[in-house]
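Chains as they are written, first to last, in the numbering used here: chain A, 1 to 107; chain B, 1001 to 1107.
C-beta atoms are modelled at their ideal positions from N, C-alpha and C, and glycine is treated no differently.
On a predicted model such as this, the values are computed, not experimentally measured, just so you know.
Everything on this sheet refers to the single structure shown next.
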């Protein structure tokens, strides 16, 4: 199992829209992640910053994440959530949620 | 079980010191947290921002966190780590690590 942390900002004027979407998240969007080994996924918010934490239970992370990217319903979902977000700090080209690096862990 | 997310900034000039401390964290500091129900604790870093995620397995969160605050070895540890950190965003008086709010969860 691997642990992953990500950060992104929410656009202040879209904050409530983003939260409302996640109070009524589409079943297929969750299913697509579960099918590819995503577990125990929580998104936290403070002010205009979102932090996501999840665990990955599969054995080919890159391939499984690529499969989620191809899911048609997830793509429709991101058409709604994407405009609510803006990168945190200085992103690489095309980067939205930026992956963080684990610095310490306690079981 | 409850899930908790926290965010703080690291002072750029103390970034390496903070990471080095966590590569050799004191056994008693980890023990004090484990004794009070802290589980699956990961600290992530990106640029100068730290994100902490943990789960709490006890049944009196406030009381158990207060017990950790009283641990003498943990207090010595924070004398080293505290000066490496500076609050993220606009903290309340005395606030260092700021607790985030869960916005969505997938088991």
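- By the C-beta density criterion, residue 1054 of chain B is buried, having at least 16 other C-beta atoms within 10 angstroms.
- Residue 61 of chain A is classed as exposed because its beta carbon has fewer than 16 other beta carbons within 10 Å across all chains shown.
- The region 85-103 of chain A makes no contact with the region 57-76 of chain A; the number of CB pairs closer than 8 Å stays below 3.
- Inter-residue distance for residue 99 of chain A and residue 87 of chain A is about 11 Å (C-alpha atoms, whole angstroms).
- Contacts between residue 100 of chain A and chain B, judged by CB atoms closer than 7 Å, involve 1044, 1045, 1046, 1051 in chain order.
- In this chain, residue 1055 of chain B is not harboured by any alpha helix (DSSP H); it is covered by the beta strand (DSSP E) spanning 1049-1056.
- Nearest Cα to residue 3 of chain A within the set B:1082, B:1043, B:1001: B:1043.
- Assignment of beta-bridge partners to residue 1098 of chain B by DSSP yields B:1007.
- If you look at residue 1027 of chain B, you'll find it in the alpha helix (DSSP H) that goes 1027-1035.
- Ranking A:52, A:77, A:39, A:97 by CA distance to the CA of residue 21 of chain A puts A:77 first.
- Beta-bridge analysis with DSSP links residue 1104 of chain B to A:43.
- With fewer than 16 other Cβ atoms inside 10 Å of its own Cβ, residue 27 of chain A counts as exposed.
- Rounded to the nearest whole angstrom, the CA to CA distance from residue 1057 of chain B to residue 1030 of chain B is 15 Å.
- Distance from residue 1005 of chain B to residue 51 of chain A at the Cβ level is roughly 6 Å; contact confirmed, criterion being Cβ atoms closer than 8 Å.
- Here residue 32 of chain A is buried. Its C-beta has 16 or more other C-beta atoms within 10 Å.
- For residue 65 of chain A, the enclosing alpha helix (DSSP H) stretches over residues 61-70.
- Going by C-alpha positions, residue 41 of chain A is about 6 Å away from residue 1107 of chain B.
- Around the Cβ of residue 1081 of chain B, a 10 Å sphere holds 16 or more other Cβ atoms; the residue is buried.
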